[in-house]
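Asker:
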Amino acid sequence: MDLEQFISETLGQILSGVAKAQDTEIGENVNASFRGDPGSNLSMLPEFGFVRVDFDVAVTAESSADGKEFIRVWGTGAEGGMDSRSQAVSRVVFAVPLRLPDGDQSARLAAARSDAARAQRLRQDYKQHNKETSRWRDEATGSAGATGSQLLRNFFSRSDR
Numbered sequence: 032m033d034l035e036q037f038i039s040e041t042l043g044q045i046l047s048g049v050a051k052a053q054d055t056e057i058g059e060n061v062n063a064s065f066r067g068d069p070g071s072n073l074s075m076l077p078e079f080g081f082v083r084v085d086f087d088v089a090v091t092a093e094s095s096a097d098g099k100e101f102i103r104v105w106g107t108g109a110e111g112g113m114d115s116r117s118q119a120v121s122r123v124v125f126a127v128p129l130r131l132p133d134g135d136q137s138a139r140l141a142a143a144r145s146d147a148a149r150a151q152r153l154r155q156d157y158k159q160h161n162k163e164t165s166r167w168r169d170e171a172t173g174s175a176g177a178t179g180s181q182l183l184r185n186f187f188s189r190s191d192r
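32 is the number of the first residue of the sequence shown in the numbering used here; add one for each residue after it.
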């Protein structure tokens with residue numbers, strides 16, 4: 032397996048595993064909000080849910096007789112064929128910050144409820160505004176339910192004009 036595929040599959044399986052664990056009975060405790068611990072691989076940042084995934088991988092840098100070069104995760108095995116390859120095993124150590132799926136959703140759900148309530152209030156205010164605007168227009172023109180020509184006659188026939 033090449034290094035790129037190894038990293039991709041490892042991180043993908045970590046995320047899938049966390050998401051699967053969150054679907055269990057005690058899942059809200061998986062990646063719940065936590066400030067971290069100095070010296071651990073958990074973040075102390077205000078944005079919760081980040082971890083550092085440490086990799087310590089043995090890789091091989093291979094070059095074949097036809098000049099192709101590539102890096103693979105080291106493993107034992109046999110390949111058939113008459114290829115002559117030179118191979119050197121090296122150790123690669125690195126870390127990848129990874130944002131895990133949110134666990135305890137209570138804060139997010141509370142914010143969503145608050146947003147929904149605010150949107151409902153805005154819709155109600157808008158409807159009330161439209162009703163009042165229509166009433167004021169009708170009072171100003173004396174035209175509740177009047178047609179366009181009736182509106183014009185009423186407007187020009189008013190004594191205060």
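We put the CB at the ideal spot given by N, CA and C, even for glycine.
Please read all numbers here as calculations on a predicted model, not as lab measurements.
Quick one: using the 10 Å Cβ neighbour count with 16 as the cut-off for buried, is V82 buried or exposed?
Answerer: So V82 ends up on the buried side.
Asker: Between which two residues does the alpha helix (DSSP H) carrying A89 extend?
Answerer: From DSSP, A89 is part of no alpha helix (DSSP H) but of the beta strand (DSSP E) over 81-95.
Asker: Consult DSSP for L193 and reduce its assignment to one of helix, strand or coil.
Answerer: Nothing about residue 193 can be read from this structure; the chain reaches only from 32 to 192.
Asker: What's the call for V49, buried or exposed, on a 16-neighbour Cβ count within 10 Å?
Answerer: By the neighbour-count rule (16 or more Cβ atoms within 10 Å), V49 is buried.
Asker: Quick check on the DSSP output: the alpha helix (DSSP H) that includes K99 runs from which residue to which?
Answerer: Looking at the DSSP string, K99 is not in any alpha helix (DSSP H), and its letter there is neither H nor E.
Asker: Tell me the DSSP secondary structure of D169 in three-state form.
Answerer: Note: D169 maps to helix in three-state DSSP.
Asker: Quick one: what does DSSP say D54 is sitting in, helix, strand or coil?
Answerer: It is coil, neither helix nor strand.
Asker: If you count every other CB in all the chains shown that lies within 10 Å of the CB of Q36, and 16 or more means buried, which is it?
Answerer: Exposed is the call here.
Asker: Pick helix, strand or coil for D33, following the three-state DSSP scheme.
Answerer: Here D33 sits in strand by DSSP.
Asker: Cα separation between D54 and S47?
Answerer: Distance between the alpha carbons of D54 and S47 is about 11 Å.
Asker: Does the Cβ-Cβ distance between R103 and D33 come in under 9 Å?
Answerer: A contact, by the Cβ cut-off of 9 Å.
Asker: Who are R122's beta bridge partners in DSSP?
Answerer: Paired residues: A89.
Asker: Report yes if the C-beta distance between R130 and V90 is below 9 Å; otherwise report no.
Answerer: Not a contact, by the Cβ cut-off of 9 Å.
Asker: Measuring CB to CB, does V124 end up less than 9 Å from V88?
Answerer: Contact flag set, yes.
Asker: One question on the structure: do F86 and A119 come within less than 9 Å of each other, judged by their Cβ atoms?
Answerer: No.
Asker: Which same chain residues, not among the five before or five after R149, have their C-beta less than 8 Å away from its C-beta?
Answerer: Once the five neighbours on either side are set aside, R149 has no close Cβ partner at all.
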